[in-house]
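Trainee: Structure in structure tokens, see below.
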Amino acid sequence: MLTYLIQQSRLLLLTASTASIVSGICGVLMISRINIALTSEAHSAALIWSFFGLIVVLVLSRTLSSVLFEYLAQHAMARLRHYISGRVLAAELRELEEIGAANVYSALSSHCASVVQFFVTLPSLLNHSVVVVGCMVYMLLLSWHIFFAAVIMIGLGALGHYLAQRKAMEFLKKASREHDRLFGYFRSLTDGSKELRLNAQKRALFRDKLLGQSIEEARKNRTIGASIFMASSRWGNFLIYAFIGLVLFVLAENIPNRNQVMTGFALVFFYMMGPLEGLLGAIPRAKVSGIAAERIEEIVKGMSEFAPAFTTASVDRSFQSIQLTNVIHRYHHEQSDETFELGPVNLAFQPGTITFLVGGNGSGKTTLAKLVAGLYAPESGTVTVDGVPVDHSSRDNYRQLFSAVFSDFHLFERLLERDRHDLDEAGNRLLHHLHLEKKVKVDNGAFTTQSLSQGQRKRLALVVARLEDRPFLVFDEWAADQDPTFKDVFYRELLPELKSEGKAVLVISHDDRYFNLGDRLLKLENGKLEETS
């Protein structure tokens, strides 16, 4: 994932990195100029001009680096969200259901933010690395045997940091996975607000056992991981201070030009302390970015890698027959904790027909509707349109034949109809037909409010489905939340109207007193389909 982002902004990243490296080099050169100024009796014009020139280059390069890396961070965030969103939009519905909404939300928010921290951290890593390396080179020029002692010190620090990093990464990965689970609980705070308020015991258990424990687990793992990194940083600080003492009281006793060497080392050490601590602190943040990138890759990997790009071009939205032949679909059934098999289903639909589908809870009604609409791919059997089989490459075009209002429907902020100039007028006409004109209007392609009852929101969803003007409509328990007046409007007015327009309609319903208005009645029992009339 980080490789993908780097490749997308290679030139800009190279420019920003070069600016960071230049600022680090300028900082080290300034130390050498300061040491010369402190230990020489006269200051030449070249020394003065070079010192102030380095200041100008240092400030300009550091400013350029900061601005470019901030741009890169925001650019990377946008690209990453575009990438994940694109994969989500191209994925099959079943894949998204298996991945879970919480994981997708977590990838788009917290994991994206963590990955972007890599670009925020990178200038510090580069700048501090150049400063530390430059200071080491300056040490070598001052005294080679002190330089080798410094190399041993850095080697011990690197070894301790490596061992600590391996342990810390285990806890940070656990924290990342727990964070995904936590997003699901955050969603339950609002989605389950009614149920939690009606049951104080359930509310307390959710707070303490689910949400509370998840918060604490994420906190504990993140804290332990970060603490191990901090301890390794303090180990590095200890080695630096110990090395300063070793230089001052042992190694620098009998060396030539002792005053210049000691002044140079004092400047180098105190100048290098900040960058070295910054480097040790930036490494954990870069590691967290890597963990987040790995987690995003795990989540995205569950989506179809070679899903065909969906088309926005106009497709043929008409058919003479849709045929399901020996279609079988299997999925995990939560109620029985077993694999549930739907089918084999042999079924045909023609324009201008109304089909009612009934069955008990868990019998597979909604699953069958999703198979008919192309939202699920059958595990075996075929779906054909006018004799042409629907396969992976044509399934998205096939889905464009359908509009549906499922029980877990979603209303978007706007009516996403591109080519309708009469959208407001047609929408308001439908709202009037559904007796909603006093509650809501369509204004500039959007509903003026969605703060309505569930039954009223379902009527808005019906308006959206009608405005799409597809040849096949699916209604999943649409009338369940409607009062008797609107049930009558739906069954006795809207369905006949759709039939007269030549639409095929599949209605999942338990309202048996209206079944005589349909052309046929299908019944599902334990995944097996039979036609009763």
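Take the sequence shown: its position 291, counted from the start at 1, is 513 in the numbering used here, and no numbers get skipped. All residues carry an ideal CB built from backbone N, CA and C; glycine is no exception.
1) With respect to 8 Å, is the separation between the Cβ of residue 510 and the closest non-hydrogen atom of the ligand ATP below this value?
2) Just to confirm the assignment, what range does the alpha helix (DSSP H) spanning residue 328 have?
3) Taking 9 Å as the cut-off, decide whether the C-beta atoms of residue 749 and residue 586 are in contact.
4) At which residues does the alpha helix (DSSP H) containing residue 634 begin and terminate?
5) With distances taken Cα to Cα, identify the nearest neighbour of residue 327 among 456, 403, 370, 355.
6) So, does the stretch 410-423 touch the stretch 482-493, judging by three or more C-beta pairs under 8 Å?
7) For residue 297, which residues in the same chain have their Cβ closer than 7 Å to its Cβ, ignoring the five residues on either side in sequence?
8) What separation, rounded to the nearest whole angstrom, lies between the Cα atoms of residue 593 and residue 603?
9) Would you kindly work out how many angstroms separate the C-alpha atoms of residue 561 and residue 496, rounded to a whole number?
10) Can you grab the Cα-Cα spacing for the pair residue 660 / residue 508, in whole Å?
11) Helix, strand or coil, according to DSSP, for residue 531 in the structure here?
12) How many whole angstroms separate the CB atoms of residue 687 and residue 627, which I take to be in contact at a CB cut-off of 8 Å?
13) CA-CA distance, residue 583 and residue 451?
14) Indicate whether the contact test is met: 3 or more Cβ pairs, each with one atom in the stretch 509-526 and one in the stretch 346-358, closer than 8 Å.
15) Would a C-beta distance cut-off of 9 Å place residue 372 and residue 465 closer than the cut-off?
16) Between 304, 589, 697, 457, which has its C-alpha nearest residue 381's C-alpha?
17) In chain order, which continuous runs of the alpha helix (DSSP H) of length 4 or greater are located wholly inside the stretch 292-346?
18) Short check: CB of residue 525 to CB of residue 312, under 9 Å?
19) Starting from the Cα of residue 340, find the closest Cα among 360, 377, 293, 718 and give me that residue.
20) Check each candidate in 375, 237, 286 and name the one with the smallest Cα separation from residue 467.
21) Using the DSSP secondary-structure output, state which residues sit across from residue 576 in a beta bridge.
22) To which residues does DSSP link residue 551 through a beta bridge?
23) At the level of alpha carbons, what is the spacing between residue 449 and residue 343?
24) Whole angstroms is fine: what's the gap from residue 238's alpha carbon to residue 302's?
25) Take the Cβ of residue 732 as the centre, count every other Cβ of all protein chains shown within 10 Å, and call the residue buried at 16 or more, exposed below.
26) By DSSP's criteria, residue 698 is part of a beta bridge. Which residues make up the other side?
27) Sort out for me which residues DSSP pairs residue 544 with in a bridge.
28) Identify the continuous alpha helix (DSSP H) that holds residue 404 and give its terminal residues.
29) Checking 9 Å against the spacing of the C-beta atoms, do residue 657 and residue 737 come in under that value?
30) Would you mind giving the Cβ-Cβ distance between residue 645 and residue 682, rounded to the nearest angstrom? I have them listed as a contact below 8 Å.
31) Out of 752, 705, 392, point me to the one whose CA is closest to residue 680's CA.
32) Indicate whether residue 577 and residue 728 have their beta-carbon atoms separated by less than 9 Å.
33) For a quick check, are the C-beta atoms of residue 746 and residue 564 less than 9 Å apart?
34) Can you say whether residue 790 is buried or exposed, counting buried as having 16 or more other CB atoms within 10 angstroms of its CB?
35) Quick one: Cα of residue 317 to Cα of residue 323, how far?
Mentor: Result, derived from the coordinates:
1) In terms of ligand content, the structure shown is empty, and the ligand ATP therefore cannot be addressed.
2) Taking the sequence shown and counting its residues from 1, one reaches residue 328 at position 106. Residues 323-328.
3) Walking along the sequence shown from the start, residue 749 turns up at place 527. Walking along the sequence shown from the start, residue 586 turns up at place 364. In this structure, residue 586 lies closer than 9 Å to residue 749 by Cβ.
4) For the purposes of this step, residue 634 is identified with residue 412 of the sequence shown, where counting begins at 1. Where residue 634 is concerned, there is no enclosing alpha helix (DSSP H), given that its DSSP letter is neither H nor E.
5) Within the sequence shown, the letter at position 105 stands for residue 327. Minimum Cα distance to residue 327 is reached at 403.
6) no
7) The residue you call residue 297 lines up with position 75 of the sequence shown. Taken in chain order, the residues that qualify are 231.
8) Numbered from 1 along the sequence shown, position 371 holds the residue referred to as residue 593. Numbered from 1 along the sequence shown, position 381 holds the residue referred to as residue 603. Distance between the alpha carbons of residue 593 and residue 603 is about 11 Å.
9) Residue mapping note: residue 561 aligns to position 339 of the sequence shown, counting from 1. Residue mapping note: residue 496 aligns to position 274 of the sequence shown, counting from 1. Straight-line Cα distance between these residues: approximately 60 Å.
10) In the sequence shown, the residue the question calls residue 660 occupies position 438. In the sequence shown, the residue the question calls residue 508 occupies position 286. In a straight line, the C-alpha of residue 660 is about 55 Å away from that of residue 508.
11) Along the sequence shown, one-based indexing puts residue 531 at 309. Residue placement at residue 531 is flagged as unreliable, the pLDDT there being 48, under the threshold of 50; a coordinate-derived value is accordingly withheld.
12) Sequence index remark: in the sequence shown, residue 687 carries index 465 (1-based). Sequence index remark: in the sequence shown, residue 627 carries index 405 (1-based). Right, the Cβ-Cβ distance comes to about 6 Å (below 8 Å), so this counts as a contact.
13) Locating residue 583 in the sequence shown gives position 361, where the first residue counts as 1. Locating residue 451 in the sequence shown gives position 229, where the first residue counts as 1. Answer to the nearest angstrom: the Cα atoms are 53 Å apart.
14) no
15) Against the sequence shown, residue 372 aligns to sequence position 150. Against the sequence shown, residue 465 aligns to sequence position 243. Yes; because the gap between Cβ atoms is below 9 Å, this pair is in contact.
16) Within the sequence shown, numbered from 1, the residue matching residue 381 stands at position 159. Here the closest residue by C-alpha is 457.
17) 315-321, 323-328
18) In the sequence shown, counting from the first residue as 1, residue 525 sits at position 303. In the sequence shown, counting from the first residue as 1, residue 312 sits at position 90. Yes. Within cutoff.
19) To locate residue 340, count along the sequence shown from 1; it is residue 118. Among 360, 377, 293, 718, the Cα nearest to that of residue 340 belongs to 293.
20) Residue mapping note: residue 467 aligns to position 245 of the sequence shown, counting from 1. Comparing Cα positions, the closest option is 375.
21) In the sequence shown, residue 576 corresponds to position 354, counting from 1. 727.
22) For the purposes of this step, residue 551 is taken as the residue at position 329 of the sequence shown. Answer by DSSP bridge pairing, in chain order: 564.
23) Residue mapping note: residue 449 aligns to position 227 of the sequence shown, counting from 1. Residue mapping note: residue 343 aligns to position 121 of the sequence shown, counting from 1. Whole-angstrom Cα-Cα distance: 19 Å.
24) For this step, residue 238 is matched to residue 16 along the sequence shown. For this step, residue 302 is matched to residue 80 along the sequence shown. If you take the alpha carbons of residue 238 and residue 302, they lie about 20 Å apart.
25) Indexing the sequence shown from 1 puts residue 732 at position 510. Result: exposed.
26) Walking along the sequence shown from the start, residue 698 turns up at place 476. Answer by DSSP bridge pairing, in chain order: 730.
27) Working through the sequence shown from its first residue, we reach residue 544 at position 322. Note: residue 544 sits in a beta bridge opposite 571, 607.
28) On the sequence shown, position 182 is the one that residue 404 refers to. Note, residue 404: alpha helix (DSSP H), 366-413.
29) As a working mapping, residue 657 is identified with position 435 in the sequence shown. As a working mapping, residue 737 is identified with position 515 in the sequence shown. No, these two residues do not count as a Cβ contact at 9 Å.
30) Position 423 of the sequence shown, counted from the start, is the residue given in the question as residue 645. Position 460 of the sequence shown, counted from the start, is the residue given in the question as residue 682. With 8 Å as the limit, residue 645 and residue 682 do not qualify as a contact, their Cβ atoms being about 14 Å apart.
31) Taking the sequence shown and counting its residues from 1, the one referred to as residue 680 is at position 458. Checked all of 752, 705, 392; the closest Cα to residue 680 is 705.
32) Along the sequence shown, read from residue 1 onward, the residue named residue 577 stands at position 355. Along the sequence shown, read from residue 1 onward, the residue named residue 728 stands at position 506. Taking 9 Å as the Cβ cut-off, residue 577 and residue 728 qualify as a contacting pair.
33) Numbered from 1 along the sequence shown, position 524 holds the residue referred to as residue 746. Numbered from 1 along the sequence shown, position 342 holds the residue referred to as residue 564. Going by C-beta atoms, residue 746 is nearer than 9 Å to residue 564.
34) What the structure shows of the chain is the stretch from 223 to 755, and residue 790 is not part of that stretch, so it cannot be assessed.
35) Locating residue 317 in the sequence shown gives position 95, where the first residue counts as 1. Locating residue 323 in the sequence shown gives position 101, where the first residue counts as 1. Residue 317 and residue 323: Cα-Cα distance of roughly 11 Å.
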